[in-house]
Every structure is written in C-alpha cells, then in structure tokens.
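A short worksheet on the structure shown next.
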Amino acid sequence: MRLPKPLTKILGWLLLVTTIGVVSCQSLFQARVDNAPEIPFFSNE
Amino acid sequence: MHRKSPFSPMNESRPRRFVREPHKFRLPEGLLLYLLPLPLVAGALLSLAAGDLYGVIVNTSGYLLYVMAATWMNQDREGKRILRHLVVKRKPRYRTRAALLVAFTTALLSWLGAGYSLWIVPMFGLGALWGMYLYYGFDAQAAQGVAAIDDDEVARAIAEAETILSKIDAANRRIHNREFNRRIERILTIAHEILDEIARDPGDLRRSRRFLKIYLEGTRKVTEGYASTHQHADSPRLEENFRRLLETIENAFAQQQKKLLENDLFDLDVQIEVLQTRLQQEGLLEPAVQKENTHE
Numbered sequence: 066m067r068l069p070k071p072l073t074k075i076l077g078w079l080l081l082v083t084t085i086g087v088v089s090c091q092s093l094f095q096a097r098v099d100n101a102p103e104i105p106f107f108s109n110e
Numbered sequence: 304m305h306r307k308s309p310f311s312p313m314n315e316s317r318p319r320r321f322v323r324e325p326h327k328f329r330l331p332e333g334l335l336l337y338l339l340p341l342p343l344v345a346g347a348l349l350s351l352a353a354g355d356l357y358g359v360i361v362n363t364s365g366y367l368l369y370v371m372a373a374t375w376m377n378q379d380r381e382g383k384r385i386l387r388h389l390v391v392k393r394k395p396r397y398r399t400r401a402a403l404l405v406a407f408t409t410a411l412l413s414w415l416g417a418g419y420s421l422w423i424v425p426m427f428g429l430g431a432l433w434g435m436y437l438y439y440g441f442d443a444q445a446a447q448g449v450a451a452i453d454d455d456e457v458a459r460a461i462a463e464a465e466t467i468l469s470k471i472d473a474a475n476r477r478i479h480n481r482e483f484n485r486r487i488e489r490i491l492t493i494a495h496e497i498l499d500e501i502a503r504d505p506g507d508l509r510r511s512r513r514f515l516k517i518y519l520e521g522t523r524k525v526t527e528g529y530a531s532t533h534q535h536a537d538s539p540r541l542e543e544n545f546r547r548l549l550e551t552i553e554n555a556f557a558q559q560q561k562k563l564l565e566n567d568l569f570d571l572d573v574q575i576e577v578l579q580t581r582l583q584q585e586g587l588l589e590p591a592v593q594k595e596n597t598h599e
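In structure tokens form, the structure reads like this:
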C-alpha cells in the first residue's frame, strides 16, 4: 500500500527538519560553547 | 444556408485560445536544503570570530555539501522539465545522488560538528536518507515494487499524448462557441497537469495508460467530430449531446488527476468504464480500442 503523496511529503519534511535541523542547530550550539571564552560577546568576563 | 447557433455568437469577442504557459515561477526544488542548514553559516561565522579553524572548516564544508545536494535537486527538476516539454529521451539522474550526499553530510556533521556519539551518527544519516526519499523521491520510482518504466517509454507516451492534445487544441479553434471553447480549454489544462504529474513520477504512467488511450483519444474524436459537423449543420440536439459529453470528460479528467495525486488505484477503472460506455453510446470508440481495453 502506498501512502498518499501529501502525507509522504509531510513525513519526509518532518524527517528532514528533525535530522538536518537538529544537526545544524546543535553544530551552532557546539561552536558557541567551544568558542564562548574567546568571543567577548559570549564571555562572562 | 448556414444556421446560426445560439452558442455561436459571431460578433462577440473571439474565443480565447489555449496557450500553455511556458514558465511559471516556482521555488527551487532544493529550497529546504538551502534553508535548513543555515545555522551552520552562523556556526562558521562564530568559529571564525573566535579563530577556531576546525569549527570554520566543519561548518562551512557541511553547508557547502548541503548546497551541492540542493543544486543537484534543482538540476534534476530542470531535466524533468525538459523531458516534459521537449520530450528528450535522457534525463539526468541526480535525486539518489543528492539524497546520499545529504545522508552522508548529516551523519558527518552529527559526529564532527554537533559532537554526538558514534552510535547515534548512523541514525541521523539514515533519518536524513529516509526523509529525502519521502520528500523528494529517488530516481528509480520502480523501487516501490513495480517493474521499472524506462525514460524512453515515458517520453514516448508523453509525446503521443502531446500530439493528441495539440489535435484537440486545433479542433477547438475551429469551434465557434465560447462555452465549448472554455470547457475544452479546461480539459486541456487538466490533461497537461496530468502529463506533468506523470513526468514528475514516471510510476504514474503505468496507472495512466488507459487514461491516455481512452480519454485523450475519445476527447480528440469527440472534439474533431463536433468541429467538422457543426460547421455544416447546427442542431440544438447535437450541441446538447456535445455539452453532456464534455461535462463527462471534464469530470473524468478531474477525477483522474485527483486519483493520481492521491495514489489511489481503485476508482480509476470505474471512471474509465463510465466514459467508455458514453463514448460507445455515441459511436465514438473504435472496436480496436474497445477490444484492446477488454484485454487489459
């Protein structure tokens, strides 16, 4: 049985947003955490 | 003497001819792949500001790889557009390649950029691959359990359908009745959209063969028949019959399009039978076509 095309598209969209979106945001977060002391804006000093 | 039909006002404005719009503005196919990884650009800038070369390389490479996949997706659609309008035999195959690149990039980034542990990295890769398959599809739609339809077959079927559509369009120009002109234009528009759908998803060709054979051929015969007959003798009964046939055809076309979009196989045959019966009643279906259909 094949799913209707709109439903397939929505499922695909959700998977892409979850995987690529999470990985990209997490990479940004990681870059922020790793470099926080070096960047005056993020530094607590 | 030629009698004037109530539906053929000679002095009113000429019927608008069906003109296919060659280009409609459409968003890039790979738009999602440009937008979703945008945080990587911010990450790269942040790393640059901090002088973190590793972060710059990882984030920039990640974004560039996604952009490359998005470009492939755009090229793939361009290839399909060419297939649809010029009917070339070969189209580039980029979808699967783009999906694999996205899966690889996502897995790599989840490890090197986001810092996830190695056991979860394949999950991200597989998730992205599955997402690409569902959202964009792979090159070979045949992977869904039916035998492959090669490009030549799709191109040939579309070319034949295009020829029939242009004949219907030519016959429509010979009909001087605005109501009928509009109805036929609507039918042509839906038919072109159905062909677009088949070009997008060649798997649909298998389910549309009877449609292409019966509906389009039937419509051509009906339209050409009316176009040549009504010039010699206009009769209200002829017009009424033609009107009813056009209504049936238009409904059948709309149903066909809806079912194609829903991937619903079951009701198509019922609709085809309805139109087939109507065409037989009107004596517009040749025995060869009927016979061919009973064997399918």
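Quick mapping for you: the protein sequence lines, in order, are chains A and B.
Sequential numbering from 66 applies to the first sequence in the numbering used here.
Sequential numbering from 304 applies to the second sequence in the numbering used here.
Cβ coordinates follow ideal geometry from the N, Cα and C atoms, glycine included.
Contact set for residue i: own chain, Cβ-Cβ below 8 Å, skip 5 residues either direction
{"i": "B:Ile497", "result": "Ser511, Phe514, Phe556, Gln559, Gln560 and Leu563"}
{"i": "B:Ile490", "result": "Ile471, Thr522, Leu549, Ile552, Glu553 and Phe556"}
{"i": "B:Ala530", "result": "Ala474, Asn475, Arg477 and Ile478"}
{"i": "B:Leu334", "result": "Ala373"}
{"i": "A:Leu81", "result": "none"}
{"i": "B:Thr532", "result": "Leu541"}
Cβ shell of residue i (< 6 Å), same chain only, five flanking positions each side left out
{"i": "B:Leu351", "result": "Val359"}
{"i": "B:Met435", "result": "Ala402 and Val405"}
{"i": "B:Val361", "result": "Leu415 and Gly416"}
{"i": "B:Thr363", "result": "Ala347"}
{"i": "A:Gly86", "result": "none"}
{"i": "B:Ile467", "result": "Leu519 and Arg523"}
{"i": "B:Glu527", "result": "Ala474"}
{"i": "B:Ala353", "result": "none"}
Neighbouring residues, chain A, relative to residue i (Cβ below 7 Å)
{"i": "B:Tyr438", "result": "Lys74, Gly77, Trp78 and Leu81"}
{"i": "B:Gly418", "result": "Gln95"}
{"i": "B:Ser350", "result": "Ala96 and Asn100"}
{"i": "B:Trp433", "result": "Leu80"}
{"i": "B:Leu339", "result": "Leu81, Val82, Ile85, Gly86 and Ser89"}
{"i": "B:Asn362", "result": "Ser92 and Ala96"}
{"i": "B:Gly430", "result": "Leu80, Thr83 and Thr84"}
{"i": "B:Ala345", "result": "Leu93"}
Contact set for residue i: own chain, Cβ-Cβ below 7 Å, skip 5 residues either direction
{"i": "B:Arg486", "result": "Leu549 and Glu553"}
{"i": "B:Pro340", "result": "Gly365, Tyr366 and Tyr369"}
{"i": "B:Ala264", "result": "Absent from the model: residue 264 of chain B. The displayed extent of chain B is 304 to 599, so no value can be given."}
{"i": "B:Leu336", "result": "Tyr369, Ala372, Ala373, Met376 and Val405"}
Residue i versus residue j - alpha carbon distance
{"i": "A:Leu72", "j": "B:Arg509", "result": "22 Å"}
{"i": "B:Ser469", "j": "B:Glu488", "result": "11 Å"}
{"i": "B:Glu520", "j": "B:Asn544", "result": "18 Å"}
{"i": "B:Trp422", "j": "B:Leu415", "result": "13 Å"}
{"i": "B:Leu338", "j": "B:Ala345", "result": "12 Å"}
{"i": "A:Leu93", "j": "A:Leu79", "result": "20 Å"}
{"i": "A:Ala101", "j": "B:Ala347", "result": "14 Å"}
{"i": "B:Pro505", "j": "A:Thr83", "result": "29 Å"}
{"i": "A:Gln95", "j": "A:Pro69", "result": "38 Å"}
{"i": "B:Val525", "j": "B:Leu411", "result": "60 Å"}
{"i": "B:Thr580", "j": "B:Ser413", "result": "60 Å"}
{"i": "B:Leu437", "j": "B:Tyr419", "result": "25 Å"}
{"i": "B:Ile501", "j": "B:Asp355", "result": "49 Å"}
{"i": "B:Trp433", "j": "B:Glu565", "result": "20 Å"}
{"i": "B:Thr440", "j": "B:Met371", "result": "According to the sequence as given, residue 440 of chain B is Gly; it is not Thr. So the alpha carbons of these two residues sit roughly 17 Å apart."}
{"i": "B:Glu465", "j": "B:Ser538", "result": "31 Å"}
{"i": "A:Val88", "j": "A:Val98", "result": "15 Å"}
{"i": "B:His495", "j": "B:Asp507", "result": "14 Å"}
{"i": "B:Leu343", "j": "A:Cys90", "result": "7 Å"}
{"i": "A:Leu76", "j": "B:Ile517", "result": "35 Å"}
{"i": "B:Gln534", "j": "B:Ile493", "result": "27 Å"}
{"i": "B:Asp442", "j": "B:Glu456", "result": "15 Å"}
{"i": "B:Arg547", "j": "B:Asn484", "result": "14 Å"}
{"i": "B:Leu330", "j": "B:Tyr357", "result": "34 Å"}
{"i": "A:Lys34", "j": "B:Leu349", "result": "This structure cannot settle anything about residue 34 of chain A, because the visible part of chain A is limited to 66 through 110."}
Closer than 8 Å at the beta carbon, the chain A residues around residue i
{"i": "B:Phe263", "result": "In this structure chain B extends from 304 to 599, so residue 263 of chain B is not present and cannot be described."}
{"i": "B:Thr409", "result": "Thr84, Ile85 and Val88"}
Proximal residues of chain A, C-beta to C-beta of residue i below 9 Å
{"i": "B:Leu335", "result": "Trp78, Leu81, Val82 and Ile85"}
{"i": "B:Gly622", "result": "Within the shown structure, residues of chain B are numbered from 304 to 599, placing residue 622 of chain B beyond reach of any answer."}
{"i": "B:Glu565", "result": "Pro69, Lys70 and Pro71"}
{"i": "B:Ala372", "result": "Correct list: empty, because the minimum Cβ distance to chain A is about 10 Å."}
{"i": "B:Pro505", "result": "By Cβ distance, chain A contributes nothing, its closest Cβ being about 14 Å from B:Pro505, past 9 Å."}
{"i": "B:Ser413", "result": "Thr84, Val87, Val88, Gln91 and Ser92"}
Chain D residues whose Cβ lies nearer than 7 Å to that of residue i
{"i": "B:Phe427", "result": "Checking the listed chains, one finds no chain D in this structure; the protein chains it contains are A and B."}
Cβ contact check for the stretch 456-463 of chain B and the stretch 422-438 of chain B: 3 or more pairs under 8 Å: No, because fewer than three Cβ pairs between the stretch 456-463 of chain B and the stretch 422-438 of chain B fall closer than 8 Å, the two stretches do not touch.
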